[in-house]
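A.B. asks: Protein chains in written order, with my numbering: chain A, 19 to 283; chain B, 19 to 283; chain C, 19 to 283; chain D, 19 to 283. One structure, as structure tokens, below. Some questions next.
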């Protein structure tokens, strides 16, 4: 598959623009110096039009590619509560949020070039072909050049390719994996990687071998186009910085999603 | 000015898609058989993604051109309460809503071809060059072919033309005007025209003469590109129907905004 | 148990005050002439402070006892979508809505005398002892005289009594039951009773025998303190009216929940 | 006036519980160690049921008296945008929020003992007898023992006393005053007092003399029952702490509003 041929390149992405009204969340200014692609909240689980304006502006200033990060309509629950929606409602919900961000990007002469579902919408769609296809289908109707940033080895990437949308596969810098290739649940003591050196080694191995290694050592082959990092928590920014520095020190180019060899036109 | 040369043609528009979640408002199915352009609520003062989906679909089925009807973010107050916003917030607010509708239209292979601010955002911008220019500027950044559907003889049309956006000027079928060319306030007993025959004569005169006549008989020259009708209230649909029939009986073609001679490419 | 001794008396209740902002729902004025207790929406799934004011006022004018009808915080979904909440969040959510209604009732010199969870919160708690106990516990902390209006034979009534709150058990006038004592799902063709005469016979038998009869004829003993009627749909008000008239014609007194013999102090 | 006889005592209050869903605001844990009364946000401009639960619990643990801090229904604008409301809507809005907090307080065996309108609702009512009377009237209908915490020398205190509610008058620790007795607008360079020693001297003089001194040195007699401090910004907590320490060092007892001699039963 064409997307696999990204030898020597990788993307780093993070969720950004998660403030709302008077409430600030995250360290966007710091994170934008590390990542090359931003998943921008679209007002349903976080953000509002002004936060989106400010976030898009910062992305443009930092040369970071812009993605839509749509979520369930639940500000209070931050899009982390399961919500029943018909497939048609989900398509409407995706279109609404993606379109809103596209228009705000247009105010800055910018474009939305990828999409990644947030929180529970992300988790549910990772396991649901129907949901993932709805997200991909709605996206393709709006702009067929948008890349679906998918959790590696889940229904998301499969659905995108089936629908005719390009997909990038992401792994996590600061999370471990089980033998089935899923993230170790947060309640497990070994779910997080808080040590910068360990995170760097973890990421380097995944990128070099295009595979996930579980905590028990099992190797799960996997396309690794992008590394997801976080900006919240006491160690997040420093771990993220170390990951980027570690990749570059190894001669790997860290680029926006749109600049990965497999996605360049 | 090019927009004035619509001899023999006029548009009829109405606000549609104002339901929300489980709450139904208006008689969209009936109104869509009368109007040729719809101002579709975008989720801030009314509507939600599914209502927008259903409304766009009905517009497409009825050959009715689609406009964005953005409002202040105040569902409970239906966008009718004044709200302080900076010019930049207003631009973000317009872009967000317009983009959301554009994307939902794209799901149906349709396009948003005009914009008309709702409620208090409409009233405040009619008197404010700054607000009208912000609306026009944001719109133009997103799609320079979108038409600003302006309250006749207000700052809206002026701002649109100044910014470089095309404007259509609208008058009301069921409302009277004062000597200053503004709508007679609703608290006045003669503010509304509920008699179908009178509404027809009122509209025909405005279209034929390209002028508003005040209740005292004063003639105020004015471009008349579109007639705004309403779908709520006991007499609204029948009055609206009579207006369309009256115009067509007089040999005037009632067309979508985009089909007015001055706007056809 | 004391609550069973309501010979010759029954309550009729309905969900009211479900409008929101500019959107009207239901026929509250008509329904208030039939029912003796109202379940008033509290702003999370429907209603707002002004709608609550108007609804409480109408209840007082009609001598109808006032109950809180709390729901999940989801206006767009009308409280009908499942929502994950911890038990503590549910208690907070119940307290917030109940307190809001109590204070608005106080503006009219009235009191909230019962509580009934709405929509999906009602359905989920009917099957969950934990949820029902949380609702009952929060309610009792606020006012130990409030009656829990429970779906007959479910966890709700059990939880209320366990916690030390009085419970009234309700059956439905226009819905049929399965052999397990639950409502026949709406998708079944025989789930609804739209014929007034049949509804009257259905209700009379449940009240006379203090039992539910399933569609197959199975008799399920059950305390019947209250009859739930609906105000929406083409036949709802006339069926509700017939039910009340039928009960009174049979010499049964239709009274507010607080006037049932088992609840009078 | 009875409320003036608080010699040797004063209250310190602050706005608390202003987080919302996943968004944290303020340093409530630190501020609660300094203040003796908390103005708790009620879900319209900030907070939600769980935040209210947690805030009330912290107040109880710290022996801090609890007040309702109702605002306009505008989370995104944090209740700082002007909003048109009829007097009746305002009463409903006050009752709703006050009742919600009362019920949540009841879950912790606590009571709401004062009320203070937030943000733009506070500013508008300070200059409007009608609005202040509506707030006082709604409050009195719900609990006639609640104290109206008023901005000193404004319509709020007057309205409360006229309606028959007790009022406490507050001054600000970190803000200066103009010759008319109002706060120096924030845009003026000398509007804030960020130096702890100056804030202490400023507060001590107001408490000792029961008067405000303007920036030009004008003395404006004024009842001083309570000092408002803030918890946000880099210097706020340390300034607040210094103010409390300074008052106590001068032998003044810093007590909950309800423990001021004029309010004790």
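Every residue gets a Cβ at the ideal spot worked out from N, C-alpha and C, and that includes glycine.
Please name the residues in the region 69–97 of chain C whose beta-carbon is closer than 9 Å to at least one beta-carbon of chain A, in chain order.
C.D. replies: So the close ones are 91, 92, 94 and 95.
A.B. asks: Is there a C-beta anywhere in chain D that falls below 8 Å from the one on residue 67 of chain C?
C.D. replies: Yes, its Cβ sits closer than 8 Å to a Cβ of chain D.
A.B. asks: List, in order along the chain, the chain D residues whose C-beta lies closer than 9 Å to that of residue 116 of chain C?
C.D. replies: Under the 9 Å cutoff, chain D gives 117, 118 and 121.
A.B. asks: Give the straight-line distance between the Cα atoms of residue 205 of chain D and residue 103 of chain D, rounded to the nearest whole angstrom.
C.D. replies: Residue 205 of chain D and residue 103 of chain D: Cα-Cα distance of roughly 28 Å.
A.B. asks: Taking the C-alpha atoms as reference points, what is the distance between residue 177 of chain C and residue 124 of chain D?
C.D. replies: Rounded to the nearest angstrom, the two C-alpha atoms are 20 Å apart.
A.B. asks: Does residue 44 of chain D get closer than 8 Å to chain A when you measure Cβ to Cβ?
C.D. replies: No, residue 44 of chain D lies away from the interface with chain A (no Cβ there is under 8 Å from its Cβ).
A.B. asks: Over what stretch of residues does the beta strand (DSSP E) that includes residue 239 of chain C continue unbroken?
C.D. replies: Residue 239 of chain C -> beta strand (DSSP E) spans 237–239.
A.B. asks: Within 8 Å, do at least three Cβ pairs link the region 168–183 of chain C to the region 206–214 of chain C?
C.D. replies: Not touching, per the Cβ criterion.
A.B. asks: For residue 169 of chain C, which beta-bridge partners are listed by DSSP?
C.D. replies: Note: residue 169 of chain C sits in a beta bridge opposite C:188.
A.B. asks: From residue 58 of chain B to residue 154 of chain B, what does the alpha carbon distance come to, in whole angstroms?
C.D. replies: C-alpha separation (whole angstroms): 17 Å.
A.B. asks: Would residue 17 of chain B count as contacting chain D if we go by Cβ distances under 8 Å?
C.D. replies: Absent from the structure is residue 17 of chain B, since the part of chain B shown begins at 19 and ends at 283.
A.B. asks: Give a yes or no on whether the C-beta atoms belonging to residue 209 of chain A and residue 132 of chain A are separated by under 8 Å.
C.D. replies: Not closer than 8 Å, so no.
A.B. asks: Any Cβ of chain B within less than 8 Å of the Cβ of residue 141 of chain D?
C.D. replies: Taking Cβ atoms only, chain B never reaches closer than 8 Å to residue 141 of chain D, which makes this a no.
A.B. asks: With three or more beta-carbon pairs closer than 8 Å as the criterion, would you say the region 179–195 of chain D touches the region 237–257 of chain D?
C.D. replies: With the cut-off at 8 Å, the region 179–195 of chain D and the region 237–257 of chain D touch.
A.B. asks: Within 10 angstroms of its Cβ, does residue 198 of chain C collect 16 or more other Cβ (buried), or is it exposed?
C.D. replies: The residue in question, residue 198 of chain C, is exposed, as its Cβ has fewer than 16 Cβ neighbours within 10 Å.
A.B. asks: Determine, using beta carbons only, whether residue 134 of chain D comes closer than 8 Å to chain C.
C.D. replies: No - not a single Cβ of chain C is within 8 Å of the one on residue 134 of chain D.
A.B. asks: Residue 223 of chain A by DSSP, collapsed to three states: which one?
C.D. replies: Note: residue 223 of chain A maps to helix in three-state DSSP.
A.B. asks: Give the DSSP-derived three-state secondary structure of residue 105 of chain C in the structure shown.
C.D. replies: Residue state, collapsed to three classes: helix.
A.B. asks: With 8 Å as the threshold, decide whether the Cβ of residue 40 of chain A is near any Cβ in chain D.
C.D. replies: It does; some Cβ of chain D falls within 8 Å.
A.B. asks: Tell whether a beta-carbon distance below 8 Å holds between residue 28 of chain D and residue 238 of chain D.
C.D. replies: Not closer than 8 Å, so no.
A.B. asks: Is the beta carbon of residue 39 of chain C sitting closer than 8 Å to the one on residue 46 of chain C?
C.D. replies: Not a contact, by the Cβ cut-off of 8 Å.
A.B. asks: So for residue 262 of chain A, helix, strand or coil by DSSP?
C.D. replies: Of the three classes helix, strand and coil, the one that applies to residue 262 of chain A here is helix, per DSSP.
A.B. asks: Leaving out five residues before and five after residue 274 of chain A in sequence, what residues of the same chain have Cβ atoms less than 6 Å from its Cβ?
C.D. replies: Closer than 6 Å at the Cβ level, and outside the excluded window around residue 274 of chain A, lie 54, 55 and 83.
A.B. asks: For residue 125 of chain A, which residues in chain B fall below 7 Å Cβ to Cβ?
C.D. replies: 109, 113, 156 and 159, listed in chain order.
A.B. asks: I'd like the list of long-range same chain contacts for residue 266 of chain D, defined as Cβ closer than 7 Å, with 5 residues on each side in sequence excluded.
C.D. replies: 272.
A.B. asks: Can you list the residues of chain D that residue 106 of chain C reaches, using a CB-CB cut of under 9 Å?
C.D. replies: Residues of chain D passing the Cβ test: 68 and 71.
A.B. asks: Using only alpha-carbon positions, find the residue among D:182, D:234 and D:263 that is nearest to residue 221 of chain D.
C.D. replies: Closest option to residue 221 of chain D, Cα to Cα, is D:263.
A.B. asks: Within the same chain, show all residues whose beta-carbon is closer than 6 Å to that of residue 152 of chain D, passing over the 5 residues directly before and after it, in chain order.
C.D. replies: Counting only Cβ-Cβ distances below 6 Å, and skipping sequence neighbours, we find 105, 108 and 109.
A.B. asks: For residue 35 of chain B and chain A, any beta-carbon pair shorter than 8 Å?
C.D. replies: Chain A, which has no Cβ nearer than 8 Å to the Cβ of residue 35 of chain B, makes this no.
A.B. asks: Please specify which runs of the beta strand (DSSP E), each continuous and at least 3 residues long, are wholly inside the region 52–126 of chain C, giving them in chain order.
C.D. replies: List check, beta strand (DSSP E) in window: 55–59 and 83–87.
A.B. asks: My guess is that residue 119 of chain D and residue 70 of chain D are in contact by the Cβ rule of under 8 Å, so how many angstroms apart are they, rounded?
C.D. replies: Their Cβ separation, rounded to whole angstroms, is 6 Å, which keeps residue 119 of chain D and residue 70 of chain D in contact under 8 Å.
A.B. asks: Using the Cα positions of residue 201 of chain B and residue 228 of chain B, report the straight-line distance between them to the nearest angstrom.
C.D. replies: Going by the C-alpha atoms only, they are around 17 Å apart.
A.B. asks: Any beta carbon of chain D sitting closer than 8 Å to that of residue 19 of chain A?
C.D. replies: Only weak support exists for where residue 19 of chain A lies, its pLDDT of 34 falling under 50; the value from the coordinates is given anyway. It does not; no Cβ of chain D falls within 8 Å.
A.B. asks: Is residue 255 of chain D closer than 8 Å to residue 66 of chain D when the C-beta atoms are compared?
C.D. replies: Cβ distance not < 8 Å, so residue 66 of chain D and residue 255 of chain D don't count as in contact.
A.B. asks: Within the same chain, show all residues whose beta-carbon is closer than 7 Å to that of residue 98 of chain B, passing over the 5 residues directly before and after it, in chain order.
C.D. replies: Cβ neighbours of residue 98 of chain B beyond the five flanking positions: 137 and 138.
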